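Chemist: Protein chains in written order, with our numbering: chain H, 1 to 128; chain C, 129 to 256.
Number of protein chains: 2
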Amino acid sequence: MRYSRQRELIFETLKNFETHPTAEQLYIQVKQEMPQISLGTVYRNLNILVEKGKIRKVDSLESSSVRYDARSDEHSHLVCTKCGTVKDLDLSYFYSVDKLLKEKFDFTVTEHNIVLKGLCSDCSLTEK
Amino acid sequence: MRYSRQRELIFETLKNFETHPTAEQLYIQVKQEMPQISLGTVYRNLNILVEKGKIRKVDSLESSSVRYDARSDEHSHLVCTKCGTVKDLDLSYFYSVDKLLKEKFDFTVTEHNIVLKGLCSDCSLTEK
DNA sequence: ATAGCTGCAAAATGTTTGCGCGAAA
DNA sequence: TTTCGCGCAAACATTTTGCAGCTAT
Numbered sequence: 001m002r003y004s005r006q007r008e009l010i011f012e013t014l015k016n017f018e019t020h021p022t023a024e025q026l027y028i029q030v031k032q033e034m035p036q037i038s039l040g041t042v043y044r045n046l047n048i049l050v051e052k053g054k055i056r057k058v059d060s061l062e063s064s065s066v067r068y069d070a071r072s073d074e075h076s077h078l079v080c081t082k083c084g085t086v087k088d089l090d091l092s093y094f095y096s097v098d099k100l101l102k103e104k105f106d107f108t109v110t111e112h113n114i115v116l117k118g119l120c121s122d123c124s125l126t127e128k
Numbered sequence: 129m130r131y132s133r134q135r136e137l138i139f140e141t142l143k144n145f146e147t148h149p150t151a152e153q154l155y156i157q158v159k160q161e162m163p164q165i166s167l168g169t170v171y172r173n174l175n176i177l178v179e180k181g182k183i184r185k186v187d188s189l190e191s192s193s194v195r196y197d198a199r200s201d202e203h204s205h206l207v208c209t210k211c212g213t214v215k216d217l218d219l220s221y222f223y224s225v226d227k228l229l230k231e232k233f234d235f236t237v238t239e240h241n242i243v244l245k246g247l248c249s250d251c252s253l254t255e256k
């Protein structure tokens, strides 16, 4: 990867954000410093930075589309990165964390969006 | 809300999915039973079902766009539903859960995508 | 010199919406 | 009969990509 003024500016600008901006928001900000920059360049560089592990996308299932679930009660998901299987996981596993957050930060959790990825038991067998 | 054959079929079809399909995947499946149905109807009804709490969207930050984060190490987020503040949360809080999943299901967690929503300490003061 | 990166614009993808017709209450 | 939901197509929003020229190495 070669140096580019645009990429550096995008990275620095993102670092200075308090929130987690969208590509568009970042573009608007970056444009103040470098008016001729294009939105395509912002997207291209964000993708490169994610690939190189310098930044991350904030979302759970890396999917361009929204996915739906007929289970209407709150629950979380276990995704196997090898076979792709998605298993439901009861929220009760996280209640101890909720309690800790209440005690420590006085933060009252009302909603969980949790996706844990890793290797399921079947796949860890065939791994070796 | 009035009854509709389309909505019922969409809901039933979603329930029969093992995975968490996209609107498009659902559309393809539903079309087998009801060839004249339109993709717009599928989207419309999924939105209605989410509103009514019959189904859920599987994702963390409800945003049409991807959001980026310059912190490249893994961490999770606490979002206050009242003031909108997003705080970073260290992953160490979840290690006990990881351990439990290993013991119970032999699932090895390698990646966490966690967003907890609720009320932050500042907002719970002004709540009363 | 030569990859790689840029700006631009077009295309691709995912989702929503206005309209006029048909179906549920 | 009066709404509400439908199918269709167009609009919209987000993201990717082909191209021709520029830039870091």
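Heads up, the beta-carbon is just placed ideally off N, CA and C, and yes, glycines get one too. Only a predicted model underlies this, so the values are computations on that prediction, with no experimental measurement involved.
Once the 5 residues before and after C:Lys180 are set aside, which same chain residues still bring their CB inside 8 Å of it?
Modeler: As a first step, residue 180 of chain C is located in the second sequence; it is residue number 52 there, counting from the start. Contacts found: Met129.
Chemist: Helix, strand or coil: which one does DSSP assign to C:Cys248?
Modeler: Position 120 of the second sequence, counted from the first residue, corresponds to residue 248 of chain C. In the structure shown, C:Cys248 sits in coil (DSSP, three-state: anything other than H, G, I, E or B).
Chemist: Measure from the C-beta of H:Gly118 to each C-beta in chain C and report whether the shortest distance is under 7 Å.
Modeler: Within the first sequence, numbered from 1, the residue matching residue 118 of chain H stands at position 118. By this cut-off, H:Gly118 is an interface position.
Chemist: So C:Val207 is in the beta strand (DSSP E); what residue range does that whole segment cover?
Modeler: Reading the second sequence from its first residue, position 79 is the one you call residue 207 of chain C. It spans 204-208 - the beta strand (DSSP E) in which C:Val207 sits, taken as one unbroken run.
Chemist: Quick check: H:Ile114 and C:Ile242, are their CB atoms within less than 7 Å of each other?
Modeler: Along the first sequence, read from residue 1 onward, the residue named residue 114 of chain H stands at position 114. Along the second sequence, read from residue 1 onward, the residue named residue 242 of chain C stands at position 114. A contact, by the Cβ cut-off of 7 Å.
Chemist: Would you mind sorting C:Tyr223 into buried or exposed? The rule is 16 or more other CB atoms within 10 Å of its CB.
Modeler: One-based indexing of the second sequence puts residue 223 of chain C at position 95. The residue in question, C:Tyr223, is exposed, as its Cβ has fewer than 16 Cβ neighbours within 10 Å.
Chemist: Just to make sure I have the definition right: I need the residues of chain C whose C-beta is within less than 7 Å of the C-beta of H:Lys54. Which are they?
Modeler: Locating residue 54 of chain H in the first sequence gives position 54, counting from the first residue. Here the neighbours are Ser200.
Chemist: Would a check of beta-carbon distances place H:Lys128 closer than 7 Å to chain C?
Modeler: For the purposes of this step, residue 128 of chain H is taken as the residue at position 128 of the first sequence. Confidence is the limiting factor: at H:Lys128 the pLDDT is only 48, short of 50, which leaves the residue's position unreliable, though a coordinate-based value still follows. Not closer than 7 Å to any Cβ of chain C, the Cβ of H:Lys128 fails to qualify, so no.
Chemist: Just tell me which of C:Gln134, C:Tyr171, C:Ser204 has its CA closest to the CA of C:Ala151.
Modeler: Looking up residue 151 of chain C in the second sequence gives position 23. Of the candidates C:Gln134, C:Tyr171, C:Ser204, the one whose C-alpha sits nearest the C-alpha of C:Ala151 is C:Tyr171.
Chemist: Can you confirm whether H:Lys99, when its beta carbon is compared against all beta carbons of chain C, has any partner nearer than 7 Å?
Modeler: Stepping through the first sequence from its first residue, residue 99 of chain H is reached at position 99. No - not a single Cβ of chain C is within 7 Å of the one on H:Lys99.
Chemist: Tell me whether H:Lys128 is buried or exposed, calling it buried when 16 or more other Cβ atoms sit within 10 Å of its Cβ.
Modeler: Reading the first sequence from its first residue, position 128 is the one you call residue 128 of chain H. Legend: pLDDT at H:Lys128 = 48, less than 50; position of this residue unreliable, no value from coordinates given.
Chemist: So which of H:Gln6, H:Val58, H:Leu101, H:Phe105 has the shortest CA-CA distance to C:Ser200?
Modeler: Numbered from its first residue, the second sequence carries residue 200 of chain C at position 72. Closest by alpha carbon: H:Val58.
Chemist: Please report the straight-line C-alpha distance between H:Thr85 and C:Glu202, rounded to a whole angstrom.
Modeler: The residue labelled residue 85 of chain H in the question sits at position 85 within the first sequence. The residue labelled residue 202 of chain C in the question sits at position 74 within the second sequence. In a straight line, the C-alpha of H:Thr85 is about 22 Å away from that of C:Glu202.
Chemist: Quick one: residues in its chain with C-beta nearer than 7 Å to the C-beta of C:Glu161, no 5 flanking neighbours on either side, listed in chain order?
Modeler: Walking along the second sequence from the start, residue 161 of chain C turns up at place 33. Counting only Cβ-Cβ distances below 7 Å, and skipping sequence neighbours, we find Leu137.
Chemist: If contact means a Cβ-Cβ distance below 9 Å, which residues of the stretch 34-46 of chain H contact chain C?
Modeler: Within the stretch 34-46 of chain H, the residues whose Cβ lies closer than 9 Å to some Cβ of chain C are Leu46, listed in chain order.
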